Ligand code: FRU
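Residue numbers (the numbering used here): 22 to 505.
As structure tokens, this is what we get:
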């Protein structure tokens, strides 16, 4: 029988086994075992709480628990006891993803109970929605009224099994929750429910559905207001690639539009990827005490072998928290300013002519770079990171194609590949903020217009940093800070 106590005990007794080699130093990871989606992200009583999908007993997905960590600055996290374990009839096969909210000083979690109903566990299941509450933000009690939304409350004509990942918000004096599902015929969709007391929920509409290009099931919806608009973020499964975008098995997209709670509809014109790299899924946002909308994603993808699963006793990490900013008709995703407090040992240089490869004579596996290139006549230019022998991770730009690339074919063990995205120069300039942390690279391009995230597993000696150009260009400025 799973319980929070058993999970905590198991973790405490085995933590010493964790292999440090690829553990990140300024990102949140699971304490032990497996981590996937960010859950219950909230700023509560002056601290950031992040929960996460967690299976402590192996570095592989299993009956989901909720891990829990707390931070005052979103960078340094402290683990708290496991918050939820699958210990009730209605969640016996997993406490799936969900969200947090505060009411009368108490911290509430709303999550999906997963129940396997037949021999084929991938197809025979039902999902329902539940609430747990805490007085101190640490110990959670599941409500006696659970489930608060039963599968029978799904509208007719859609999948009877996929009904998950509640994200709660308040609007116009009501509680609302968005949930992911599909029409049973290959189209993902989002359902909206309304409540006045958190216990009784009524269906308020199917607010959005895939047009056929947007995946066969939608997971982890998030809906919030930003700059007078409404933003819907969700994670479509098996979304087919479109040009350079959506090349991962599952994706994460955002739509800017308007939620009409009366009609039960969300109208939008376009959708965009939240991150254009390899490893980003199931993002969740919260608003904090400074009024910022912050997003964090799971820095992995499904159905791949993660190198730390074998012999390292852990797998899964979160991205850096990113501030979401509305700019015209798009969102910018910027590194949060708190990262600046962790900068150490600055190295700076300016106005370098570049033609060929240049070693920067600085190195590391845990740092931030801020590099401004002037494209000039170059056919291609960029950065090579974690360089040693045959290993390198390449971030490059080609002006003729207005294309930025993240290539990890020579990054070490783990999956290779390349992701590409369209980026326009600004007066000939390309501005990059790159965060490297042991086994991760996140590059924020042109002030957060695009972000690309990828996990890499280079050798411990692969520490070199190079700039390079085919043809000539210049590096207007190059700054490097060690992080932490
Ligand atoms: C997304 C997801 C969610 C689900 C959870 C289970 O990555 O599939 O839809 O709640 O993971 O761990």
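All residues carry an ideal CB built from backbone N, CA and C; glycine is no exception.
Values in this document were obtained by computation on a predicted structure and should not be read as measured data.
As DSSP reads the structure, residue 116 sits in a beta bridge with 134.
Taking C-beta atoms as the reference points, residue 54 and residue 80 count as a pair closer than 8 Å.
The nearest non-hydrogen atom of the ligand FRU is 7 Å or more from the C-beta of residue 387.
Contact residues of the ligand FRU (beta-carbon closer than 7 Å to any heavy atom; chain order) are 57, 58, 74, 82, 85, 115, 117, 118, 133, 185, 186, 201, 240, 241, 256, 302, 303, 319 and 323. Residue 304 carries a strand assignment under DSSP once its states are collapsed to helix, strand and coil.
The C-beta distance from residue 302 to residue 285 rounds to 27 Å, too long to meet the 8 Å contact threshold. With contacts defined as CB atoms closer than 8 Å, residue 298 and residue 473 qualify as a contacting pair. Nearest Cα to residue 356 within the set 142, 217, 232 and 453: 453. DSSP assignment within the region 195-278 yields the following whole beta strand (DSSP E) runs of 3 residues or more, N-terminal first: 195-203, 209-216, 222-230, 238-247 and 250-258.
In this model, residue 178 and residue 202 are separated by some 11 Å (Cα to Cα).
Between the beta-carbon of residue 400 and that of residue 491 there is about 5 Å, and that keeps the pair under the 8 Å contact cut. Rounded to the nearest angstrom, the Cβ distance from residue 45 to residue 458 is 5 Å, consistent with a contact under 8 Å. Around the beta carbon of residue 382, fewer than 16 other beta carbons lie within 10 angstroms, which makes this residue exposed. Residue 30: member of the alpha helix (DSSP H) spanning 25-35, first to last residue. As far as DSSP is concerned, residue 98 takes part in no beta bridge. Residue pairing of residue 192 in beta bridges, as defined by DSSP: 195.
Residue 211 is not a Cβ neighbour of residue 252, given a cutoff of 8 Å.
Residue 372 sits exposed, since fewer than 16 C-beta atoms from the chains shown fall within 10 Å of its C-beta. In the structure shown, the three-state DSSP call for residue 341 is coil. Inside the region 444-500, DSSP marks whole beta strand (DSSP E) runs of 3 or more residues at positions 450-458, 461-466 and 471-476, from first to last along the chain. Beta bridge pairing from DSSP links residue 153 with 130 and 163.
The residues 270, in chain order, have a CB closer than 7 Å to that of residue 324 in the same chain once the five nearest residues on each side in sequence are set aside. Annotated as distal: residue 242 and residue 182, with beta-carbon spacing of 8 Å or more. Per DSSP, the beta-bridge partners of residue 414 are 406. For residue 327, there is no enclosing beta strand (DSSP E), since its DSSP letter is neither H nor E. Taking the CA atoms as reference points, residue 321 sits about 8 Å from residue 339.
Here residue 127 has 154, 155 and 156 as same chain residues with Cβ atoms under 7 Å from its own Cβ, once five neighbours each way along the sequence are excluded.
Considering only 347, 392 and 235, the residue with the shortest C-alpha distance to residue 486 is 392. Relative to the Cα of residue 36, the nearest Cα in the group 109, 222, 500 and 334 belongs to 334. Residue pairing by DSSP places residue 374 opposite 495 in a beta bridge. One thing to note: residue 59 has its Cβ within 8 Å of the Cβ of residue 71. DSSP places residue 394 inside the beta strand (DSSP E), whose first and last residues are 387-395. For residue 442, the CB contacts under 6 Å within the same chain, skipping 5 residues up- and downstream, are 265, 297, 425 and 471 in chain order. Under a 10 Å Cβ-count criterion, residue 460 is classified as buried, with 16 or more other Cβ atoms of the shown protein chains found around its own Cβ.
Taking the Cα positions, residue 496 is about 5 Å away from residue 394.
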